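In my numbering, the protein residues as written are 1 to 97.
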């Protein structure tokens, strides 16, 4: 798991999230020597930052799509919590137009 920054920068969200989940599971299981634990933790922090950056980029792309579709910026709340149908992101206003 000693991949360099270049490999991390080219990683997709799904790949980074999957590796982050594996890393967290390894850390939670325990039993690793201190140096390996620290290395895994550092990798986990880098993976979390990669996921956050990719999510921020995705949000910006969505905002630009909304802006382009309407001619003016219309920011919609993008939440992933709550039951389906209650989130403003579940339906795109004006999509049926």
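Using N, Cα and C, we set each Cβ at its ideal position, and we do this for glycine too.
The model shown is predicted, which means the values in this text are computed figures rather than measured ones.
Beta-carbon proximity check, residue i vs residue j, cutoff 8 Å
i: residue 20; j: residue 48; result: yes
i: residue 24; j: residue 10; result: no
i: residue 50; j: residue 18; result: no
i: residue 13; j: residue 60; result: no
Residue i, buried or exposed, once every other Cβ within 10 Å from all chains shown has been counted against 16
i: residue 84; result: Residue confidence is low: residue 84 scores 47 on pLDDT, short of 50, so the model does not pin down where it sits. Its coordinate-derived value is still stated next. By the neighbour-count rule (16 or more Cβ atoms within 10 Å), residue 84 is not buried but exposed.
i: residue 29; result: exposed
Nearest-angstrom beta carbon gap, residue j and residue i [assumed within contact, 8 Å]
i: residue 8; j: residue 46; result: 6 Å
i: residue 40; j: residue 32; result: 7 Å
N-terminal and C-terminal residue of the alpha helix (DSSP H) that residue i is part of
i: residue 20; result: 13-29
Contact with chain C by residue i, beta-carbon distance below 8 Å
i: residue 41; result: The displayed structure is made up of one protein chain only, and chain C is not part of it.
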